[in-house]
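In order, the protein sequence lines correspond to chains A and B. Just add 340 to wherever you are in the first sequence, counting from 1, and you've got this note's numbering. Just add 11 to wherever you are in the second sequence, counting from 1, and you've got this note's numbering. Below: one structure, written as structure tokens.
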Amino acid sequence: MKKLITMVSAIALSAGMAAAEPSGTFRQAHELGFGAQSSLDPISKGRVFQITEKIMSRLVRPGLDGKPQADLATSWEANEDATVWTFKLREGVMFHDGSTFEAEDVVYSLNRVLDPESDSPARSAVKMITEVKALDGMTVQITLDTPFADMPLQLMDYRLRMLNEGSGDTIAMTGNGTGPFKVEKFDAEGTTTLVANPDYWEGAPGVARMEIIGIADGQARLQALLGGQIDMERGITAQQQVMLKGSDKFNVQVIPTGNWRGLVFRTDVEPFSDIRVRQAVRMAADREELVALVLGGEGVVACDTPVEPNDQYRAALSCPQDIEKAKALLVEAGYPDGIDIDVYVATLEPTWPTLAVAYQEQAAAAGIRVNVVQAPTDGYWSEVWMKKDVAATRWNERPADQALHEIYLSTAKWNESYYKDEKLDAMLGDARRELDFNKRKAIYVAAQEHLLETAGTLIPYTVTKLIGVSSRVSNLDEVKNDAVRWHMITVE
Amino acid sequence: MLAMLLRRLFLGLVTVWIVSMIIFAGVEMLPGDSCTAFLEREAKGKLLENCREAQGLNRPAAERYFDWATSAARGDLGISANGEKSIAELVGDRLGNSLLLAACSLALGVPLAIFLGVVTGLWRDRPVDLAVSTLAIFAMTIPEFVSATVLILVFSVWLGWLPGIVLTSASAPASEFFPEIILPVLVLTMVMTAHILRMVRSSVIEVMAGDYIQMATLKGVPYWRIVFWHALPNALLPAINVVALTIAWLLGGVVVIEVVFNYPGLGRMMIDAISDRDLPVVQAIALIVATVYVCVNLSADILTMFANPRLRTLHMRRG
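This is the structure we're talking about:
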């Protein structure tokens, strides 16, 4: 026992020695997606996540391995059927304004997300919560309307940040959180300045200041990185990375993500209401080639599953191009001369037009004659997507359960392919109720196999993110945004 | 003269009013509104309703235009979408920055252009003319975003002498824009100088071939006296209009330059506001740009009239 204490204090001592005074400034850009409606409210559509991720904390965060890790909650446990979850909170955590983090703050923050009146986009991640209750000052109980064994995964959502009770009306400008950095000045269209929070529960951050700069133009962001005006850019394209790779002033991090782009064939209209046609149009795609042509090789082949490559529930599927089978399926479905389809794209997502044209070439061999239609970027989501029979889509990564629920459940708000399948609905319900990990995994895998059989959405790949980092930056975790420990990084 | 001025001013006001209506109708006709632009694929149900309610978008377009026009006439341009700042203040900052960019480019570009124009005009078809004119054609024809990118590459990335992108915030005082402003000013100067230079050059050539110059030469007036006393005052008249148009172009927001350099001026604000369907901001900028065009053109005409007695009397005789 004594030995243990010495060891612990030795570790604490060395940690204390390593943590020097915060110094230097780390600069990064954000793409200014929401103009004047940009906000520090983590659950507003206009949230600038490049800022909120550094100033606010969640109950549970993704560890470097992507699995749930303690953040403001130190431990959690479920009742027998996983309908009631109890979270123990971290003691001694303070908000930037000096108030103490307590159970009531969690109740407030989660109820704010769940409020049907404000209808936050983040609500769909935690819709299954029926009640949030403070058991005592440092314990919170969450009751669900369904058994859900993976509740902590949902709480890792990047928007579910803990706010101080009652701060909802001012949070958009103050950004008062418990994270490693505090807001000094918020100016979305200019430069937002953050300063180190010396009282951060994991210890004082490595850098003294962070500047998050709004630069809308992608080319300008790259120029700023090349010219040394910013230290990191998290959206380098495969073509651009050539400029960074040859230089010793930059490093490039390569990080596979669950973000995917694809084509949606609406399952409720002719000819795609015939399952054989849906199989044929997806089978005609050569996914390896699409990754090479569209992404310059920086992607991972997906077999129409929205589950990301590194997710514990990802099914190992294979989906090679099969022109002969696609032709046969079309004949069987009553289209011996092939089919003519209009595929709608927009430059909203720069890779869509390339994807559509590459697919056009591939599918032609199977008698699928694709006409690529360029729709205007403005109004794409309201006028084209979910309206036209075939349209391009894109999604950012979500936990497996959430991705499947939000896009494929019969009743889902964003069921873009109008996919209605009782078997899949049942499987998704069963998976949530199943408390044994291996059995649960088997169900999720079966659901993905079922989608490969029946879905109307072609998901050819998930994209790999390239991150350009100046060599003056050290200790930047090589993981997704969501899991980076921002307090660790240091600059020369 | 005064009557003419008043008539022009009145016509100017009418122009600005018509422009505001056209802009409003134009933005209204684009698919979607500021809420669908903001919420993207989440533009559904309660969230969309809340947003439209907050921004007053559920009222008919004519009513919204009328409200906007009456408050604008009183000088109230409304508040920004997040409700934090007045649009007048936001647009004012950007206008100031665009003015700064324009002033720097004009201060550098106009004297340079006139000097080079006179030199090339006087030494027509000599090596110096050929060299400068060729360069000018290059400067005019290479798109701004290309020359901008090349300058950034050379001066910021390779040499590291100047910052490539402007990171100063929109409300910062003018002095803080140095040295970031240098590269955009250089690019603008290149384009602008080329245009004005060619105008001045052809005008100098034309004047120098005039009868009165020949007369003066025959009378034995010294060459430089002819150039400075007789030729230049006449040769520079057409340049006034070109310079005026250049000023209007610069103040109207040099969109491409501002986007490439991330410069917080009117042009970038306009582009962002249009893609966000932020009608009040689009309207405010359109109003300013239209006013600038009207004023600059008017003052150019007046200047020309003062400089050229013939035009003055012509107007007087007419009424």
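The beta carbon of each residue, even a glycine, is placed where N, CA and C say it ideally should be.
Chain-ordered listing is empty here: chain B has no CB closer than 9 Å to the CB of F389(A), the nearest sitting near 15 Å. Around P596(A), the same chain offers V640, P649 and T804 as residues with beta carbons nearer than 6 Å, after the five sequence neighbours per side are excluded.
Scanning its chain for C-beta atoms nearer than 7 Å, with the 5 sequence neighbours on each side dropped, one finds around I783(A) the residues M767, D770, A771 and E774, in chain order. Under the 8 Å criterion on CB atoms, G175(B) is classed as interfacial with respect to chain A. DSSP places K525(A) outside any alpha helix (DSSP H); the residue lies instead in the beta strand (DSSP E), whose first and last residues are F521 to K525. The beta carbon of G530(A) falls within 8 Å of a beta carbon belonging to chain B, placing the residue at that interface.
Ranked by how close their Cα comes to the Cα of V30(B), the residues I258(B), Q294(B) and F317(B) have Q294(B) in first place.
Within the same chain, no Cβ atom closer than 8 Å to the Cβ of G586(A) is found once the five residues on either side in sequence are excluded. If you compare the alpha carbons of L749(A), T797(A), F427(A) and K522(A) with that of H436(A), the shortest gap goes to K522(A). Counting along the chain, L197(B) sits inside no beta strand (DSSP E); it lies in the alpha helix (DSSP H) bounded by residues I193 to M219. Closer than 8 Å to the CB of I193(B) there is not a single CB belonging to chain A. Burial of K385(A) is indicated by the presence of at least 16 other C-beta atoms within 10 angstroms of its C-beta.
Boundaries cannot be given for E361(A), as no beta strand (DSSP E) includes it and DSSP labels it neither H nor E. If the five residues before and after V129(B) are omitted, its C-beta is found closer than 6 Å to the C-beta atoms of V215, all from its own chain and listed in chain order. One Cα belongs to L816(A), the other to I258(B), and the distance between them is close to 47 Å. Within chain A, the residues placing a beta-carbon under 8 Å from that of R52(B) are W721, W725 and W754, ordered along the chain.
Taking 9 Å as the cut-off between beta carbons, the residues of the stretch 38-72 of chain B near chain A are L41, P42, G43, S45, T47, A48, F49, L50, E51, R52, E53, A54, K55, G56, K57, L58, L59, E60, N61 and C62, in sequence order. Those residues of the stretch 375-387 of chain A placed with their C-beta closer than 8 Å to a C-beta in chain B are G375, A376, Q377, S378, S379, K385 and G386, ordered along the chain.
Assigned with DSSP and collapsed to three states, A72(B) falls in helix. When secondary structure is reduced to three states using DSSP, A227(B) falls in the helix class.
Within the stretch 544-573 of chain A, contact with chain B at the beta-carbon level (separation under 9 Å) is assigned to E551, I553, G554, I555, A556, D557, Q559, A560, R561, Q563, A564, L566, G567, G568, Q569 and I570.
Beta bridge pairing from DSSP links S82(B) with no other residue. In this structure, the alpha-carbon of N599(A) lies about 14 Å from that of I747(A). A straight line joining the alpha-carbon of Y699(A) with that of I807(A) spans about 28 Å. For S458(A), the neighbours in chain B by C-beta distance under 9 Å run, in chain order, K57, L58 and N61. By DSSP's assignment, H370(A) forms a beta bridge with G554(A). Per DSSP, R627(A) lies in no beta strand (DSSP E) segment; the continuous alpha helix (DSSP H) that holds it begins and ends at R627 to L635.
Counting only residues of its own chain and dropping the five nearest sequence neighbours on each side, C46(B) has a CB closer than 7 Å to the CB of A54, L59, C62, R63, Q66 and L68.
Measuring C-alpha to C-alpha distances from S750(A) to each of T607(A), D644(A), R734(A) and Y684(A) identifies T607(A) as the nearest. In the structure shown, P249(B) falls within a helical segment according to DSSP collapsed to helix, strand and coil. Annotation for V819(A): L404 place their beta carbon closer than 6 Å to its own, counting only its chain and skipping 5 residues before and after.
D104(B) is positioned such that its CB atom lies no closer than 8 Å to that of S158(B).
Contact of P275(B) with chain A by beta-carbon distance below 9 Å involves E529 and G530.
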